[in-house]
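Peer 1:
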Amino acid sequence: MGAKNGSKEASLWFSSNQGKRWTEALFLAYSPFWITWALCIVVPLRLYERCDEAGYMAIGLAAALPCVALPWALGGPERSKPLGQRYWVKANLWVALFSFVGNYFWTHYFYDLLGAVYTFPSWQLNGVPLPLYFMTHAYFCFYHALSNVVLRRVRRAVAGAQPPLAAAAFAAAVFALAYVTAFMETATIAHFPYYTFKDRGRMYTLGSLFYAIYFFVSFPAFLAMDEGPRERWSLARAAGDALGAGMLVTILLDAWRLGIGAIDGSGPQASTAVPWMRT
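Residues in the sequence shown are numbered consecutively from -2, following our numbering.
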């Protein structure tokens, strides 16, 4: 009886798609390892002080590459399928494209609107430290695997409710999960001295809300991929969905720039060019 109850409870959280369920579980199992060495060893022991450009790049690669290498090596329940049909490949592609857009374009909103500054030695791409592209991939694989599990549980919990109530509950869960995710990331990297903000107090509150816009869009979008019992996305659809989500986030971030502006209270920036187009 206990085993049956445990299996039923697990089915409320995890996907009925074997490949998706396996990938979510793998990302959730792997993430504590890199988070532990990065935030509980490298940062507290200040090992980053010994790093040059290559050292920071190695840290980023060490966090991100297992998100691809582990499912490749382990195979999982979809090992007999072509690579392009495996969920872990589509998930990595989705996250890679979305996080690339985030770093390449949206980091400049962090510079202009949130007062963020990176001062560690690093090779850069479009004014953004290159290791961040890889660290973001590791972070976002964890965030989106976790959000899939939580949002799926919420959706199944309210499945019998009236559609407006179910939609409201799901939207509230997305909002809460997105904000908590953004806030916790901001708080956990507070002890890294080479990533600073002009006003850290406002960054925790307003800045976390700004950052949460990423996840307001990406959490439900990522959940939809291969979620139906028979629906399986192509790589092209996964790529298009990630880029579409990126475009929507870009519109929302720029709406913040025009309507609210910098969190330091300087006001909207309607008279200036978008941050990533300035020379």
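Where is the CB? At the ideal position from N, CA and C, for every residue including glycine.
Is the beta carbon of S280 sitting closer than 7 Å to the one on E50?
Peer 2: This structure cannot speak to residue 280, because the chain is shown only from -2 to 276.
Peer 1: Who are the near neighbours of A283 in its chain, counting only those whose CB is closer than 7 Å to its CB and skipping five residues on each side?
Peer 2: For the chain, the structure presents residues -2 to 276; residue 283 sits outside this window and is missing.
Peer 1: Look up Y191 in the DSSP assignment and give the residues it is bridged to.
Peer 2: To locate residue 191, count along the sequence shown from 1; it is residue 194. Note: Y191 sits in no beta bridge, so no partner.
Peer 1: Quick test of the definition: if touching needs 3 or more C-beta pairs under 8 Å, does the stretch 249 to 263 touch the stretch 195 to 207?
Peer 2: Touching, yes, given that three or more Cβ pairs across the two stretches are closer than 8 Å.
Peer 1: Compute the distance between the beta-carbons of W85 and T20, then report whether it is under 7 Å.
Peer 2: The sequence position of residue 85 within the sequence shown is 88, counting from 1. The sequence position of residue 20 within the sequence shown is 23, counting from 1. Yes. Within cutoff.
Peer 1: What's the call for T133, buried or exposed, on a 16-neighbour Cβ count within 10 Å?
Peer 2: In the sequence shown, counting from the first residue as 1, residue 133 sits at position 136. Buried: at least 16 other Cβ atoms inside 10 Å.
Peer 1: For my contact list, F167 and V155 are in at a C-beta cut-off of 8 Å; report their separation, rounded to the angstrom.
Peer 2: The residue labelled residue 167 in the question sits at position 170 within the sequence shown. The residue labelled residue 155 in the question sits at position 158 within the sequence shown. Rounded, the Cβ-Cβ distance is 7 Å, consistent with contact.
Peer 1: Report the three-state DSSP secondary structure of L122 (helix, strand or coil).
Peer 2: For the purposes of this step, residue 122 is identified with residue 125 of the sequence shown, where counting begins at 1. In the structure shown, L122 sits in a strand (DSSP, three-state: E or B).
Peer 1: Please determine, among A158, G73, L122, the residue with the shortest C-alpha to C-alpha distance to R18.
Peer 2: If you number the sequence shown from 1, residue 18 lands on position 21. That would be G73, whose Cα lies nearest to the Cα of R18.
Peer 1: Using a Cβ-Cβ cut-off of 7 Å (strictly less than) and excluding sequence neighbours within five positions of A218, which residues of its own chain qualify?
Peer 2: In the sequence shown, counting from the first residue as 1, residue 218 sits at position 221. Closer than 7 Å at Cβ, skipping near neighbours: D238, A242.
Peer 1: Candidates F11, E224, R152, Y101: which alpha carbon is nearest K87's?
Peer 2: Here residue 87 is taken as the residue at index 90 of the sequence shown, counted from 1. Measuring from the Cα of K87, the nearest candidate turns out to be E224.
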